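Q: The letter at position 84 of the sequence shown is residue 84 when you use full-length UniProt numbering, and the numbering goes up by one with no holes.
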Amino acid sequence: MIDFMDNQSEITLQRIEENPSIHSSNIATRIANELQEYNSRRSSEINESIHHKMQLLDENYNMEQGMELAVGNSAPDFSLPADSGENLSLSGFFGKKNVVLYFYPKDGTPICTMEAKGFRDKIDDFSSLDTVIIGVSKDSVERHANFKAKYSLPFYLVSDENGEMLEKYGVWVEKSMFFKKYMGIERTTFLIDKQGKIMKIWKNVKISGHVDEVLEEIKKNID
Numbered sequence: 001m002i003d004f005m006d007n008q009s010e011i012t013l014q015r016i017e018e019n020p021s022i023h024s025s026n027i028a029t030r031i032a033n034e035l036q037e038y039n040s041r042r043s044s045e046i047n048e049s050i051h052h053k054m055q056l057l058d059e060n061y062n063m064e065q066g067m068e069l070a071v072g073n074s075a076p077d078f079s080l081p082a083d084s085g086e087n088l089s090l091s092g093f094f095g096k097k098n099v100v101l102y103f104y105p106k107d108g109t110p111i112c113t114m115e116a117k118g119f120r121d122k123i124d125d126f127s128s129l130d131t132v133i134i135g136v137s138k139d140s141v142e143r144h145a146n147f148k149a150k151y152s153l154p155f156y157l158v159s160d161e162n163g164e165m166l167e168k169y170g171v172w173v174e175k176s177m178f179f180k181k182y183m184g185i186e187r188t189t190f191l192i193d194k195q196g197k198i199m200k201i202w203k204n205v206k207i208s209g210h211v212d213e214v215l216e217e218i219k220k221n222i223d
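1. Identify, in the order they occur along the chain, each residue of the same chain with its Cβ nearer than 6 Å to the Cβ of ALA145, setting aside the five sequence neighbours on each side.
2. Under 8 Å, do ASN162 and GLU186 count as touching if we go by C-beta distance?
3. Quick one: grab the DSSP three-state call for ASP58.
4. If you draw a straight line from the alpha carbon of VAL100 to that of MET177, how long is it in whole angstroms?
5. Below 7 Å CB to CB, which residues in the same chain sit around LYS117 once its five sequence neighbours on both sides are set aside?
6. Hey, is the stretch 136-143 in contact with the stretch 102-121, meaning 3+ C-beta pairs nearer than 8 Å?
7. Shortest alpha-carbon distance to CYS112 belongs to which of LYS206, LYS219, ILE218, SER89?
8. Closest to PRO81 by CA distance: which of GLU142, SER40, SER128 is it?
9. Taking C-beta to C-beta, are LEU69 and ASN98 nearer than 8 Å?
10. Only counting runs of 4 or more residues, tell me where the alpha helix (DSSP H) segments fall wholly within the stretch 69-129, in order along the chain.
11. Taking C-alpha atoms, which residue in MET114, PHE94, TYR38 lies nearest to GLY209?
12. Starting from ILE218, trace the alpha helix (DSSP H) both ways and give me its first and last residue.
13. Could you name the residues that DSSP lists as bridge partners for TYR182?
14. Am I right that ASP131 and ILE218 are in contact with their C-beta atoms under 8 Å? What's the rounded C-beta distance?
15. Name the two residues that bound the continuous alpha helix (DSSP H) containing LYS150.
16. Since MET165 contacts PHE78 with CB under 8 Å, what's their CB separation in whole angstroms?
17. To which residues of the same chain is THR188 closer than 6 Å at the C-beta, ignoring the five residues directly before and after it?
18. Provide the residue span of the beta strand (DSSP E) that contains LYS197, from first to last.
19. In three-state DSSP terms, what is TYR38?
20. Excluding the 5 residues flanking LEU215 on each side, which residues of the same chain have their C-beta closer than 6 Å to its C-beta?
As structure tokens, this is what we get:
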């Protein structure tokens with residue numbers, strides 16, 4: 001605990017202690033008690049603020065070191081081009097909407113198309129829960145726009161061509177197929193609340209039933 005006392009409080013207490021007539025009075029006692037209560041409250045507030053800042057520093061350090069994100073962490077912010085051509089940022093939804101942020105390997109592939117259509121078909125349910133959908137891959141903005149138009153996808157698709165966001169979220173991983181190793185996007189979904197905190201993480205997503213599972217999680221845990 002930090003011992004906190006502002007200058008005025010210290011001067012006031014010093015004067016009380018130096019003047020016996022004041023020190024013995026009920027007024028002096030009351031003033032001293034109020035000052036102690038004030039300083040105790042301020043000390044608590046300062047410690048709470050420091051704890052919060054240290055927590056943010058730890059989270060930033062973990063992200064810089066490539067450590068895995070966990071439930072309760074602040075979701076890394078981003079500002080990247082969406083299918084509309086304009087930049088979209090996660091922080092733009094803070095205080096307004098919950099966010100389902102899902103990472104997928106590539107536009108137009110069978111499984112990625114099934115996943116996108118699943119979110120599309122339940123968009124009204126998500127909207128009723130103050131929740132927006134954001135899909136992310138390394139596809140270009142143009143490919144995103146074509147994919148969105150072809151399947152009438154009513155949500156955002158973000159382009160992370162340089163992979164910076166993928167790295168921050170820990171979804172750019174080593175994969176293997178036919179005994180060959182390569183880097184690619186791990187199909188992953190993050191549920192983020194209106195305060196920007198990660199509420200749930202689904203890794204190596206299996207498409208069947210996934211959208212309904214995300215909806216149920218929102219209904220259970222987010223106001």
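Beta carbons: idealized from backbone N, C-alpha and C, even for Gly. Predicted, not measured: the structure shown is a model, and the values here were computed from it.
A: Taking the coordinates as given:
1. ASP83
2. no
3. For ASP58, the predicted model reports a pLDDT of 48, less than 50, meaning its position is unreliable and no value from the coordinates is stated.
4. 29 Å
5. TYR151
6. yes
7. LYS206
8. GLU142
9. no
10. 110-121, 123-128
11. MET114
12. 210-221
13. LYS175
14. The sequence shown places Thr at residue 131, not Asp. Between ILE218 and THR131 the Cβ distance is about 6 Å, and since that is below 8 Å, they are a contact.
15. 141-151
16. 5 Å
17. PHE103, VAL171, LYS203
18. Looking at the DSSP string, LYS197 is not in any beta strand (DSSP E), and its letter there is neither H nor E.
19. helix
20. ASP125
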